[in-house]
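*Asks:* Below you will find the structure I want to go over with you.
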Amino acid sequence: GYGGNKQDACGLESSAEKAIYEFTQRICQLPHLLKESTRLPPTKPCLNVAWETTGQRSFDVKVKPGFLLEDLSTARGSSKVSSNSSERADPEVTNEECHLDAKLDGLEERLLGCQFGQWRLRKRLGQGSQGRVYVGRDATGDFAVKITQLNKKHVKDRFHREVEIMKLLSHKSIVQLVSVHVEKQLAGLVLNLAEGDLLQAVSNSEKRRLKESEARHVFKQLADGVEHMHSHQIIHRDLKLENILINSREEVDDCKLYEVKITDFGSSSICDGDGHQGKSFAKGPVGTPPYIAPELLHGGWHGFPVDDWSLGISLFVMLNGYFPWKDTAPETWTFDREKSRHLSEEAKDLICRFLHLAPAERLTVANSRSHAWMTPG
């Protein structure tokens, strides 16, 4: 899933926005910050979201209790930059006369089979934060092509910002920008194609969760990539399992090891200076429920801790196969250690430290390297 701002691929409507607002008001009613390491910050309305199919290609977001991983894994509004054969393949179109001229009114299946620069669009992969993602083939092989319709100024600005950010980043744990192509009102980012995403890996695992050794291998790579972004004053703001691409590497001692690539910088920002070092400003909510940090619900000034929060949610889901929140009163929200009894105490402690309500008290990705869970034995 390439989640974005309101009215994004997830179809955020007024009902979801209202739930987010109500949730924020409930946070403000807390008498004090949660101090115990076993207590997690409240995020129920924002996190208990499930996608329900309302048509072949449309999805509504509805708030309901008990949001499980399988709810998210069936959300076809999410983008999966993947060549996994289990994905539903759109029918390939081979009409050599197909051109883009008459197709600027939408980015649906009408683009399939069209030649976009040197890449023929063969299959739709999903929805990005700022556009549709396709498999594009040229003489050298297959790539992921994220296409955006530049029909509004703010869309153009976001596209140029995403390109600028991706050009600043060069790291083995971040997806590589291969090329940029603009044709008519369509702009495309050409990226290396991955085998799948982390949501698929978790959903398809035997117990619908990763082993701690598997999650640790993934998380260390994520930490490397996020720390690289932060060193360049870049906040991702939409870290989630669907935006973590994977390639299978090997299996050691019955543990699957994955190569990780962070993708989708459509919601990312470059920190501002002038007294706001390490901070960025948003006019409204940014990110994707249920990964969005509490301080980002209403926009305003925010910093790198929003990514640390999203990493904590991602780690919890990797290790449990579901999201951490229940339909309870704000003052009673706690980490359900009994339900997560299969986890080591070190894993539980790391998650709690990432999910601190106060951004200043939240564990940073840099400091997480010295945590006991990251350096076992």
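Take any residue in the sequence shown, count from 1 to its spot, add 1095: that is its number in my numbering. We put the beta carbon where it would ideally sit given N, CA and C, even for glycine.
Under 6 Å Cβ to Cβ from Arg1285, same chain only, skipping five residues before and after it: list those, please.
*Replies:* Along the sequence shown, one-based indexing puts residue 1285 at 190. Before going further, note that residue 1285 is Val rather than Arg in the sequence given. Hits under 6 Å: Phe1238, Val1240, Val1273, Ser1274.
*Asks:* Rounded to whole angstroms, what's the CA-CA distance from Ser1463 to His1312? Just pull it up for me.
*Replies:* For the purposes of this step, residue 1463 is identified with residue 368 of the sequence shown, where counting begins at 1. For the purposes of this step, residue 1312 is identified with residue 217 of the sequence shown, where counting begins at 1. Roughly 14 Å between the two C-alpha positions.
*Asks:* Applying the criterion that 16 or more other CB atoms from any shown protein chain within 10 Å of the CB defines a buried residue, is Trp1396 buried or exposed?
*Replies:* Counting from 1 along the sequence shown, the entry for residue 1396 is found at position 301. Exposed, by the Cβ-count rule.
*Asks:* Determine the direct distance from the alpha carbon of His1255 to that of Lys1378, and round the result to whole angstroms.
*Replies:* Within the sequence shown, the letter at position 283 stands for residue 1378. Within the sequence shown, the letter at position 160 stands for residue 1255. Distance between the alpha carbons of Lys1378 and His1255: 19 Å.
*Asks:* According to DSSP, is Lys1315 helix, strand or coil?
*Replies:* As a working note, residue 1315 is residue 220 in the sequence shown. Three-state DSSP puts Lys1315 in a helix.
*Asks:* Tell me Gln1556's beta-bridge partners as DSSP assigns them.
*Replies:* What the structure shows of the chain is the stretch from 1096 to 1472, and residue 1556 is not part of that stretch, so it cannot be assessed.
*Asks:* Suppose the cutoff is 6 Å on Cβ atoms and the five residues either side in sequence are ignored; what does the same chain contact list for Gly1231 look like?
*Replies:* Within the sequence shown, the letter at position 136 stands for residue 1231. For Gly1231, where only same-chain residues beyond five positions count, the Cβ hits under 6 Å are Trp1214, Leu1216, Phe1238, Val1240.
*Asks:* Taking the alpha carbon of Lys1356 as the reference point, which residue from Asn1415, Thr1235, Leu1288 has its own alpha carbon closest?
*Replies:* On the sequence shown, position 261 is the one that residue 1356 refers to. Ranking the options by Cα distance to Lys1356, first place goes to Leu1288.
*Asks:* Return helix, strand or coil for Ser1153, following the three-state DSSP convention.
*Replies:* Here the question's residue 1153 lines up with position 58 in the sequence shown. Any answer about Ser1153 is weak, because its pLDDT of 27 lies below 50 and its placement is not dependable; what the coordinates show is given next. Residue state, collapsed to three classes: coil.
*Asks:* Kindly identify the DSSP beta-bridge partner or partners of Asn1342.
*Replies:* Locating residue 1342 in the sequence shown gives position 247, counting from the first residue. Note: Asn1342 sits in a beta bridge opposite Glu1354.
*Asks:* Here's the rule: buried if 16 or more other CB atoms are within 10 angstroms of the residue's CB, otherwise exposed. What is Asn1338?
*Replies:* For this step, residue 1338 is matched to residue 243 along the sequence shown. Answer is buried; the Cβ neighbour count reaches 16.
*Asks:* Our contact map puts Glu1363 next to His1331 with C-beta atoms below 8 Å; I'd like the distance itself, whole angstroms only.
*Replies:* Reading the sequence shown from its first residue, position 268 is the one you call residue 1363. Reading the sequence shown from its first residue, position 236 is the one you call residue 1331. Position check: residue 1363 holds Ser in this sequence, whereas Glu was assumed. Confirmed, about 5 Å.
*Asks:* Distance check for His1276 and Ser1375, CA to CA, integer angstroms please.
*Replies:* If you number the sequence shown from 1, residue 1375 lands on position 280. If you number the sequence shown from 1, residue 1276 lands on position 181. Roughly 28 Å separates the two Cα atoms.
*Asks:* Rounded to whole angstroms, what's the CA-CA distance from Asp1155 to Ala1318? Just pull it up for me.
*Replies:* Looking up residue 1155 in the sequence shown gives position 60. Looking up residue 1318 in the sequence shown gives position 223. Reliability of the predicted coordinates at Asp1155 is poor, the pLDDT of 29 falling under 50, and no value is obtained from them.
*Asks:* Cβ atoms of Glu1307 and Leu1391: under 8 Å apart, would you say?
*Replies:* Along the sequence shown, one-based indexing puts residue 1391 at 296. Along the sequence shown, one-based indexing puts residue 1307 at 212. Their beta carbons are not under 8 Å apart, which means Leu1391 does not touch Glu1307 by this criterion.
*Asks:* Which residue wins for smallest C-alpha separation from Leu1334, given the options Gly1291, Asp1402, Phe1314?
*Replies:* Position 239 of the sequence shown, counted from the start, is the residue given in the question as residue 1334. Leu1334 has its Cα closest to that of Asp1402, out of Gly1291, Asp1402, Phe1314.
*Asks:* For Asn1342, which option in Glu1354, Leu1336, Cys1350 has the closest C-alpha, if you only look at C-alpha atoms?
*Replies:* Along the sequence shown, read from residue 1 onward, the residue named residue 1342 stands at position 247. Asn1342 has its Cα closest to that of Glu1354, out of Glu1354, Leu1336, Cys1350.
*Asks:* Under the DSSP definition of a beta bridge, which residues are partnered with Phe1376?
*Replies:* On the sequence shown, position 281 is the one that residue 1376 refers to. Answer by DSSP bridge pairing, in chain order: Trp1396.
*Asks:* Bridge partners of Asp1237, per DSSP?
*Replies:* The residue you call residue 1237 lines up with position 142 of the sequence shown. DSSP lists Arg1232 as partners of Asp1237.
*Asks:* Going straight from the alpha carbon of Arg1344 to that of Gly1236, what length do you get?
*Replies:* Against the sequence shown, residue 1344 aligns to sequence position 249. Against the sequence shown, residue 1236 aligns to sequence position 141. Whole-angstrom Cα-Cα distance: 20 Å.
*Asks:* Could you compute how far the alpha carbon of Leu1199 sits from the alpha carbon of Arg1205?
*Replies:* Mapped onto the sequence shown, residue 1199 falls at position 104. Mapped onto the sequence shown, residue 1205 falls at position 110. Per-residue confidence for Leu1199 stands at a pLDDT of 41, beneath the threshold of 50, marking its modelled position as unreliable; the derived number appears in the next sentence. Approximately 10 Å, taken between the alpha carbons.
*Asks:* Is it buried or exposed for Glu1440, if we count other Cβ within 10 angstroms and need 16 for buried?
*Replies:* Locating residue 1440 in the sequence shown gives position 345, where the first residue counts as 1. Around the beta carbon of Glu1440, fewer than 16 other beta carbons lie within 10 angstroms, which makes this residue exposed.
*Asks:* Does DSSP classify Val1347 as helix, strand or coil?
*Replies:* To locate residue 1347, count along the sequence shown from 1; it is residue 252. Three-state result, Val1347: strand.
*Asks:* Is the Cβ-Cβ distance between Gly1398 and Pro1471 less than 8 Å?
*Replies:* As a position in the sequence shown, residue 1398 is number 303, starting the count at 1. As a position in the sequence shown, residue 1471 is number 376, starting the count at 1. Not closer than 8 Å, so no.
*Asks:* Pull up the CB-CB distance for Phe1411 and Pro1400, whole angstroms please, since I reckon it's below 8 Å.
*Replies:* Translated into positions along the sequence shown, residue 1411 becomes position 316. Translated into positions along the sequence shown, residue 1400 becomes position 305. 17 Å between Cβ atoms; not a contact.
*Asks:* Does DSSP classify Arg1303 as helix, strand or coil?
*Replies:* Working through the sequence shown from its first residue, we reach residue 1303 at position 208. Arg1303 falls in the coil class under three-state DSSP.
*Asks:* Could you tell me if Glu1346 is buried or exposed, where buried requires 16 or more neighbouring beta carbons within 10 angstroms of its beta carbon?
*Replies:* As a working mapping, residue 1346 is identified with position 251 in the sequence shown. Exposed, by the Cβ-count rule.
*Asks:* Under DSSP, the alpha helix (DSSP H) around Arg1448 begins and ends at which residues?
*Replies:* Numbered from 1 along the sequence shown, position 353 holds the residue referred to as residue 1448. Here the alpha helix (DSSP H) through Arg1448 covers 1440–1449.
*Asks:* Please return the same chain residues whose Cβ sits closer than 7 Å to the Cβ of Leu1406, not counting the five positions on each side in sequence.
*Replies:* Within the sequence shown, residue 1406 is the residue found at index 311, counting from 1. Cβ-Cβ distances below 7 Å link Leu1406 to Leu1317, Val1321, Leu1334, Phe1449, Val1460 in the same chain, with the five nearest sequence neighbours on each side left out; the list follows chain order.
*Asks:* Which of the three DSSP states is assigned to Asp1359 in this structure?
*Replies:* To locate residue 1359, count along the sequence shown from 1; it is residue 264. It is coil, neither helix nor strand.
*Asks:* Between the alpha carbons of Ala1442 and Trp1468, how many angstroms are there, rounded?
*Replies:* Sequence index remark: in the sequence shown, residue 1442 carries index 347 (1-based). Sequence index remark: in the sequence shown, residue 1468 carries index 373 (1-based). Roughly 6 Å separates the two Cα atoms.
*Asks:* With distance defined between alpha-carbon atoms, name the residue in Lys1267, Ser1465, Leu1245, Ile1260 nearest to Leu1340.
*Replies:* Working through the sequence shown from its first residue, we reach residue 1340 at position 245. Ranking Lys1267, Ser1465, Leu1245, Ile1260 by Cα distance to Leu1340 puts Lys1267 first.
*Asks:* If we ignore side chains and look at the alpha-carbon of each, how far apart do Lys1262 and Phe1211 end up?
*Replies:* Here residue 1262 is taken as the residue at index 167 of the sequence shown, counted from 1. Here residue 1211 is taken as the residue at index 116 of the sequence shown, counted from 1. Approximately 21 Å, taken between the alpha carbons.
*Asks:* Within 8 Å (strictly less), CB to CB, does Gln1328 reach chain C?
*Replies:* Considering every chain present, this structure includes no chain C. It has just one protein chain.
*Asks:* Run through DSSP, which three-state label would Val1412 get?
*Replies:* Taking the first residue of the sequence shown as 1, we reach residue 1412 at position 317. In this structure, Val1412 counts as helix in the three-state DSSP scheme.
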